[in-house]
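Heads up: the structure comes next, in structure tokens.
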Amino acid sequence: MAASAGVSVATVSKVLNGRTDVAPATRSLVQSLLQEHGYVARQSRRARTAAPATVQVEVASDLCTYSAQIIQGMTEAGAGSGAAVVVTSTAVMTGGGTSWVRGLVDAGRRALITIGSEPAPAQLAALSRARLPVVVVDPLNLPDTPVTSVGATNFAGGLSATRHLLDLGHRRIAYLGGIADAACNQARMHGYRAAMEAAGVPVPAEYVRTSGFRYPDGETG
1000 MAASAGVSVA TVSKVLNGRT DVAPATRSLV QSLLQEHGYV ARQSRRARTA
1050 APATVQVEVA SDLCTYSAQI IQGMTEAGAG SGAAVVVTST AVMTGGGTSW
1100 VRGLVDAGRR ALITIGSEPA PAQLAALSRA RLPVVVVDPL NLPDTPVTSV
1150 GATNFAGGLS ATRHLLDLGH RRIAYLGGIA DAACNQARMH GYRAAMEAAG
1200 VPVPAEYVRT SGFRYPDGET G
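My numbering numbers the first residue of the sequence shown as 1000 and each following residue consecutively.
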């Protein structure tokens, strides 16, 4: 970075630490290169120690019973460990990588949890550079970049739900799924089909419909 700007490492350090003894033109050049290279300054150890631990939770779309229960569990776990939990919409993170991550760092966040969203590779890379741990809960699809994730047992859920209906004597059982190409939807549908096939019950094409994951989607499906 210093070599690209034609300045010393000490000068770059001064810019990062907000020192005033740097020429305006040099400061502007260094800041431009930092932004170009996606640099996100990490919090100092002193700042991390002084501030209470705060975890940001980003929720995809509107709150529903499912996400509300997850958030409740997170807030209870946070209270038990002395950490605060801040909940926001993933609309905040749709703007992209570095500037969004810089905002998390500036706000003193220690970690990020997303519910139902799929962070882009650039966002995960920026989080890694900032050393902000991230956990993805029930994404529509797992990112190509390795990431810690917690997900529902979608195949087993589709299988057990269908078996329950079959055990009750039903045979005309339809599958109303979410977004067709979402990995979670595919897993649930395969569980449904596996149970129907094991019971020797045919599945007409019109019995499988996909739409979205919201309540109104189920009503119109």
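Where a beta carbon is used, it is the ideal one built from N, C-alpha and C, also for glycine.
Since the model is a prediction, treat every value here as computed from it, not as a measurement.
Given a cut-off of 9 Å on the beta-carbon distance, is the pair residue 1141 and residue 1116 in contact? no
Exposed or buried, which one is residue 1097 when buried takes at least 16 other CB atoms within 10 Å? buried
CB-CB under 6 Å to residue 1186, same chain, minus the five flanking residues each way: which ones, in chain order? 1153 and 1154
My parser needs the alpha helix (DSSP H) runs of 4 or more residues fully inside the region 1139-1213; what are they? 1153-1166 and 1182-1197
What is the C-beta distance between residue 1054 and residue 1021, in whole angstroms, given that I count them as a contact (C-beta under 8 Å)? Not confirmed; about 35 Å, so no contact.
With 16 other Cβ atoms within 10 Å as the buried cut-off, status of residue 1057: buried
In chain order, what residues of the same chain lie with their CB nearer than 6 Å to the CB of residue 1193, ignoring the 5 residues before and after it? 1158
If you check the beta carbons only, do residue 1170 and residue 1207 fall under 9 Å apart? no
Cα separation between residue 1114 and residue 1164? 29 Å
Pull up the distance between the alpha-carbon of residue 1147 and that of residue 1059, whole angstroms please. 18 Å
Where does residue 1066 land, buried or exposed, given buried means 16+ other C-beta within 10 angstroms? buried
Excluding the five sequence neighbours on either side, which residues of its own chain have a C-beta within less than 6 Å of the C-beta of residue 1209, listed in chain order? 1176 and 1179
Can you tell me whether DSSP reads residue 1135 as helix, strand or coil? strand
Using the three-state DSSP reduction, which class does residue 1031 fall into: helix, strand or coil? helix
Which partner residues of residue 1086 appear in the DSSP bridge assignment? 1056
Coarse secondary structure for residue 1109, derived from DSSP in three states: coil
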